[in-house]
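Numbering-wise (the working numbering), the sequence shown opens with residue 2 and increments by one. The C-beta atom is built at its ideal place from N, Cα and C for all residues, glycine as well. Working notes for the structure below.
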Amino acid sequence: MAEVEIISSQTCPFAQRTRMALIEKDIDHVLSTIDLNEKPDWFLAISPYGKVPVLRHNGAVVFESAVINEYLEEVFPERPLLPVDPVRRAHARIWIDFANVRFTPPVYKLMMAQDTEAQAFQAERLTKAMLMMEHEGLAKLGDGSYWLGDDISLIDLTFLPHMQRVGVLTHYRGFKVPDECVLLKAWLQLMGRRPSVMEGSASLDVLIENWRKYAENTSTGTTAEDMRVA
Ligand SMILES: N[C@@H](CCC(=O)N[C@@H](CS)C(=O)NCC(=O)O)C(=O)O
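Given below as structure tokens:
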């Protein structure tokens, strides 16, 4: 058995972040997939939040995608995904926090909003987040193609899965990446060609079907519960 195991569900965007880190860092691992509608007892015993991803490594259990990725960075320093310079490292963490606190919640909340007023409010929030990513993030941080320049980093891996789901928002809510976000659109295209993205991504049709529960606000999962109060 490989010493690194990542536990995911079929199309979890948070688990996708960690899977991409494992692939980018070329870490030998096993991918275990569970059904979130019927969480096995062994999984509930190691996942206090009842959420994927969960990483098992040499008997230790680590959860929360951002924490897992930092753990992998510390334990497997080869093929680094964070810069060495402390200021650049701090900036990377600021944008990873931004992805979790300011970008991801409006993605879910726009999906789950049922009346047009709430949808317009969340679309506005998401638009503002994307404009900030364009002008304060991509335009200022790096002069290359990825968030920090020429080298891919944990920032790219953290934003990518939910940026891919903008196509699902377009399908259900008519939302689109703002026209002025040219760097963001170019980055998304570039990321689409990474083997780690190609391997870990589901088709738009699968994502649309999988997120129907959010679009109809019928999900009883803990992610939906958390996002209702986020
Ligand atoms: N903050 C967590 C979020 C993880 C999360 O929400 N995972 C979802 C699947 S994409 C989950 O396991 N949800 C459990 C449920 O819906 O019951 C992370 O970054 O790892």
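Let me know the secondary structure DSSP gives residue i once reduced to three states.
i	result
Ala100	helix
Tyr72	helix
Leu127	helix
Glu153	Checking the displayed sequence, the identity of residue 153 turns out to be Ile instead of Glu. It is coil, neither helix nor strand.
Leu83	coil
Val5	strand
Val53	coil
Would you kindly report the start and end of the unbroken alpha helix (DSSP H) that includes residue i?
i	result
Ser33	Run containing Ser33: none in the alpha helix (DSSP H); it sits in the beta strand (DSSP E), 31-34.
His172	167-174
Ala186	Checking the sequence shown, residue 186 turns out to be Lys, not Ala. Segment 183-192, the alpha helix (DSSP H) holding Lys186.
Val207	205-211
Gln17	14-25
Pro196	196-201
Leu45	42-47
Val178	Per DSSP, Val178 belongs to no alpha helix (DSSP H) and is neither H nor E.
Thr224	223-230
Tyr109	105-113
Nearest to residue i by alpha carbon, out of the options?
i	options	result
Ser202	His136, Phe77, Gln17	Gln17
Lys52	Ala225, Glu25, Ala121	Ala225
Leu189	Thr223, Met228, Met131	Met131
Leu158	Asn70, Glu125, Asp86, His136	Asn70
Leu83	Trp148, Ala114, Val167	Trp148
His136	Val183, Arg94, Ser197, Gly60	Val183
Thr67	Phe44, Thr34, Met21, Gly60	In the sequence under discussion, the amino acid at residue 67 is Ala, which differs from the Thr named in the question. Closest by alpha carbon: Met21.
Ile97	Ser220, Trp212, Glu200, Ser154	Ser154
Lys129	Leu142, Pro107, Gly150	Pro107
Thr19	Leu73, Lys141, Ile35, Thr117	Leu73
Asn218	Met112, Glu200, Asn59, Lys186	Met112
Gly193	Gly168, Ser220, Leu161	Leu161
Glu39	Pro196, Gly222, Leu139	Gly222
Thr258	Ala121, Ile24, Ile35	Any property of residue 258 remains undetermined from this structure, which presents the chain solely from 2 to 231.
Ile95	Met134, Gln120, Ala187	Met134
Glu200	Ile24, Glu125, Lys177, Gln165	Ile24
Phe15	Phe176, Val230, Ala119, Gln165	Gln165
Glu6	Pro49, Asn59, Leu37, Leu139	Asn59
Gly168	Trp212, Gln120, Ala114	Trp212
Between which two residues does the beta strand (DSSP E) holding residue i run?
i	result
Phe64	61-64
Do the region 23-30 and the region 74-86 touch if we need at least three Cβ pairs shorter than 8 Å? yes
Determine, using beta-carbon pairs with one atom in the region 204-216 and one in the region 167-185, whether at least three such pairs fall under 8 Å. yes
Cβ pair count under 8 Å reaching 3, the region 87-98 against the region 55-65: no
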